[in-house]
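**Student:** Quick one: the structure is below, questions incoming.
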Amino acid sequence: MSEFLYAAELKKTFRCYGHFYRLNVKGTEPLLCRSVLEITSLPREAVGAGTDPDDLFSTPNSEPSLPDAVVIMMNPGSSRPIEEGDTESLLHMPLSENFRKPLVLTQPDNTQYQLMRIAVSKGWTHLRILNISDIRDPKSPSFIARTKALDAVEGGEAHSMFSKAREMERKQMLRRKPGAPFILGWGQDAGLIPLAKQCLDCIEGEPIVTVPAGNDPVLTAHPSPMLQAKKEAWLDAIRSALQ
């Protein structure tokens, strides 16, 4: 069992940069969303987060980085930016081919610290976090109810990166280093099954690492359960699967 590193130590090495936006779906209020989160120990320029002379992680002319792994989870929860930037743009899907996502420094949460622990144990410097839905909602029942309501709305499926409407964007977001795995951790709620299956169809045949859980084979354990012992058990299971 590897040493369990705490947040204070992890924050000395890693930063998180996210793309926040509002999704315009006809007939609904704009949806608060996040399309991607980059977790990295590299300079912010390496993941496309711009240059900030006041940021110790800023190194102009850094080489662009592809992720060592892509992690796919349920939704961004209560994720929020902690620096000023373009975080409120009202976007229509699909995005234009030349759209460049503005990334801003983002507050990490317990789940992201779990993923940083995996990165440390593997010697990784860059993880990309995607979700089966971009909608920011920290309450699972509320979130699932909203996704079901969107099923009945024209264009409502665009809240998911894995919908047909976002194929071009998704291809860019799934780019990673050769052989890099997908780590799945969207949880065990049966209400997620349609979105989970849609995601799995998009990554069929790719290397996948997960901890199965729940009553359906497409459901997975969440990376950060409440109990410390279960957090450590998830870490051990993923590390073992990655060997």
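Residue numbers (UniProt numbering): 1 to 243. Heads up, the beta-carbon is just placed ideally off N, CA and C, and yes, glycines get one too. Please read all numbers here as calculations on a predicted model, not as lab measurements.
Spatial neighbours of Ser65 within its chain, please: CB distance less than 8 angstroms, with the 5 preceding and 5 following residues excluded, ordered by chain position.
**Tutor:** Thr40, Leu42, Ala46, Val47, Thr125, His126.
**Student:** Identify the continuous alpha helix (DSSP H) that holds Thr125 and give its terminal residues.
**Tutor:** Element bounds for Thr125: n/a, residue is neither H nor E.
**Student:** Can you name the start and end residues of the beta strand (DSSP E) that Glu38 belongs to?
**Tutor:** Looking at the DSSP string, the run of the beta strand (DSSP E) that includes Glu38 is 31-40.
**Student:** Measure the alpha-carbon distance for Glu169 versus Met161 and round it to whole angstroms.
**Tutor:** Taking the straight line from one Cα to the other gives about 8 angstroms.
**Student:** Can you give me the Cβ contacts of Pro223 inside the same chain, cut-off strictly under 7 angstroms, excluding the 5 residues immediately before and after it?
**Tutor:** Answer for Pro223: Thr111, Gln114, Leu115, Gly185, Trp234, listed in chain order.
**Student:** Consult DSSP for Asn131 and reduce its assignment to one of helix, strand or coil.
**Tutor:** Residue state, collapsed to three classes: strand.
**Student:** Under a three-way DSSP split, which group does Ala180 fall into?
**Tutor:** DSSP places Ala180 in coil when its eight states are reduced to three.
**Student:** So does the region 21-41 actually touch the region 117-137, counting three or more Cβ pairs closer than 8 angstroms?
**Tutor:** Judged by Cβ distances under 8 angstroms, the region 21-41 makes contact with the region 117-137, as three or more pairs qualify.
**Student:** Among the residues of its own chain, which have a CB less than 7 angstroms from the CB of Ile208, if the five just before and after it don't count?
**Tutor:** Result list for Ile208: Pro181, Phe182, Leu184, in chain order.
**Student:** Judging by CA-CA distance, which residue of Phe20, Lys231, Gln172, Asp151 is the nearest neighbour of His98?
**Tutor:** Reading the sequence as shown, one finds Asn at residue 98 and not His. Per the Cα distances, Gln172.
**Student:** Out of Pro225, Thr210, Arg15, state which residue places its alpha-carbon closest to the alpha-carbon of Gln243.
**Tutor:** Of Pro225, Thr210, Arg15, the residue nearest in Cα terms is Thr210.
**Student:** Considering only DSSP beta bridges, list what Gly18 is partnered with.
**Tutor:** DSSP, once it has assigned bridges, lists Leu37, Val104 as partnering Gly18.
**Student:** Nearest CA to the CA of Pro108: which residue from Glu206, Thr220, Tyr6, Pro67?
**Tutor:** Closest by alpha carbon: Tyr6.
**Student:** Helix, strand or coil, according to DSSP, for Thr111 in the structure here?
**Tutor:** If DSSP states are grouped into helix, strand and coil, Thr111 belongs with the helices.
**Student:** Could you tell me the alpha carbon to alpha carbon distance between Ile144 and Ala158, rounded to whole angstroms?
**Tutor:** Computed Cα separation, rounded: 15 angstroms.
**Student:** For Arg128, is the classification buried or exposed, using 16 other Cβ atoms within 10 angstroms of its Cβ as the cut-off for buried?
**Tutor:** Burial call: buried.
**Student:** Can you tell which of Lys12, Leu130, Asp216 has its C-alpha closest to the C-alpha of His19?
**Tutor:** Comparing Cα positions, the closest option is Leu130.
**Student:** Between which two residues does the beta strand (DSSP E) harbouring Thr210 extend?
**Tutor:** Where Thr210 is concerned, the enclosing beta strand (DSSP E) stretches over 208-210.
**Student:** From Asp201, Ala152, Ile193, Lys12, pick the residue whose C-alpha is nearest to that of Leu219; which is it?
**Tutor:** Of the candidates Asp201, Ala152, Ile193, Lys12, the one whose C-alpha sits nearest the C-alpha of Leu219 is Ile193.
**Student:** Report, in whole angstroms, the separation of the C-beta atoms of Glu88 and Arg22, which I expect to be a contact under 8 angstroms.
**Tutor:** Between Arg22 and Glu88 the Cβ distance is about 6 angstroms, and since that is below 8 angstroms, they are a contact.
**Student:** Determine the contact status of Lys26 and Gly155, defining contact as a CB-CB distance below 7 angstroms.
**Tutor:** Yes, Cβ-Cβ distance for Lys26 and Gly155 is below 7 angstroms.
**Student:** Bridge partners of Thr220, per DSSP?
**Tutor:** Answer is Pro212, bridged to Thr220.
**Student:** Do Pro102 and Gly85 have their C-beta atoms closer together than 7 angstroms?
**Tutor:** Yes; because the gap between Cβ atoms is below 7 angstroms, this pair is in contact.
**Student:** CA-CA distance, Leu174 and Gly77?
**Tutor:** The straight-line gap from Cα to Cα measures roughly 21 angstroms.
**Student:** Using DSSP's beta-bridge definition, name the partner residues of Ala69.
**Tutor:** Note: Ala69 sits in a beta bridge opposite Leu127.
**Student:** So what does DSSP say about Leu174, is it helix, strand or coil?
**Tutor:** The answer is coil: DSSP assigns Leu174 none of H, G, I, E or B.
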